[in-house]
Amino acid sequence: MAFQLADAENLPFENGSFDLVTCRIAAHHFPACQKFIAESVRVLKKGGLLAVQDHVLQEEESHALYVDQFERLRDPSHFRAYSEQQWRQMFQLGGLKVEHTRQLTKRHNFIDWAKRMNCTEETLEELVAMIKNAPDAVIGWLEPLPDVDHFGGTGSSFVNHHIIVVGRKE
Numbered sequence: 056m057a058f059q060l061a062d063a064e065n066l067p068f069e070n071g072s073f074d075l076v077t078c079r080i081a082a083h084h085f086p087a088c089q090k091f092i093a094e095s096v097r098v099l100k101k102g103g104l105l106a107v108q109d110h111v112l113q114e115e116e117s118h119a120l121y122v123d124q125f126e127r128l129r130d131p132s133h134f135r136a137y138s139e140q141q142w143r144q145m146f147q148l149g150g151l152k153v154e155h156t157r158q159l160t161k162r163h164n165f166i167d168w169a170k171r172m173n174c175t176e177e178t179l180e181e182l183v184a185m186i187k188n189a190p191d192a193v194i195g196w197l198e199p200l201p202d203v204d205h206f207g208g209t210g211s212s213f214v215n216h217h218i219i220v221v222g223r224k225e
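As structure tokens, then:
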């Protein structure tokens, strides 16, 4: 096995080089995710698999944009996350037959999550305000604890949603 650093939207490999391409919790940083999928398909052998795990958003666009903005405030390198339907469409547009999807959740301690990106106190306050002012559907998605009114302290947490999508090159 060998590792090589490369641009996900311009892979330095020959067509049909791999049986499997994987990408874990990175695609939301790619400015052209469809280009990444096209490049992955290009380097896959016929019958090869692309497996992606990444953030997933709600299907309702306004709620999805709110959660995406919350993520981007914490991490400015976050470009865009997608809903399950959008992931399916991108895979299909790329020439992949979606064989498997699964959504997962992970509860994050809010302060630890924010500090990993060296958020300032001002950014922490903005993130807390976003939770406290979020639409009910976003609150239901993020499941903040202890509750919305008391969110922001050391014991505060919320749920992050991921998706695993596996598609086969036809």
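Letter 123 of the sequence shown, counting from 1, is numbered 178 in my numbering, and no numbers are missing.
Built from N, CA and C at the ideal position, the CB exists for glycine as well.
The structure displayed is predicted, hence computed values, not measured ones.
### Task
State buried or exposed for Gly208, treating a residue as buried only when at least 16 other CB atoms are found within 10 Å of its CB.
exposed
### Query
Does DSSP put Gly222 in a helix, in a strand, or in coil?
strand
### Message
Can you tell me whether Gln59 is helix, strand or coil according to DSSP?
### Response
In the three-state reduction of the DSSP assignment, Gln59 falls in the coil class, being assigned neither a helical nor a strand state.
### Task
Compare the beta carbon distance of Leu148 and Gln89 with 8 Å and say whether it is the shorter of the two.
Yes.
### Query
Just how far apart, CA to CA, sit Glu154 and Ile218?
Annotation: Glu154 to Ile218 spans about 13 Å, alpha carbon to alpha carbon.
### Task
Would you kindly work out how many angstroms separate the C-alpha atoms of Cys174 and Gly102, rounded to a whole number?
43 Å
### Task
Go ahead and label Phe91 buried or exposed: buried means 16 or more other beta carbons lie within 10 angstroms of its beta carbon, across all protein chains shown.
buried
### Message
Considering Cα atoms alone, identify which of Glu64, Leu200 and Tyr121 is closest to Val98.
### Response
Glu64
#### Entry: Cβ shell of His133 (< 7 Å), same chain only, five flanking positions each side left out
His83, His84, Glu126 and Arg127
### Task
Would you tell me roughly how many angstroms separate the C-alpha atoms of His205 and Arg157, rounded to the nearest one?
32 Å
### Query
What are the start and end residues of each continuous beta strand (DSSP E) run of 3 or more residues lying completely inside the region 130-209, in chain order?
Here the runs fully enclosed are 151-164.
### Query
In the structure shown, what three-state DSSP assignment does Gln108 receive?
In the three-state reduction of the DSSP assignment, Gln108 falls in the strand class.
### Query
When you compare only the Cα positions, how much space is there between Arg129 and Asn164?
Between Arg129 and Asn164, the C-alpha separation is close to 14 Å.
### Task
Write down the C-beta distance between Trp196 and His118 rounded to the nearest angstrom, noting that I regard them as a contact closer than 8 Å.
Contact holds; Cβ gap of about 7 Å.
### Query
Sorted by chain position, which residues of the same chain lie with C-beta nearer than 8 Å to Leu66's C-beta, five sequence neighbours on each side aside?
Glu94, Ser95, Arg97 and Val98
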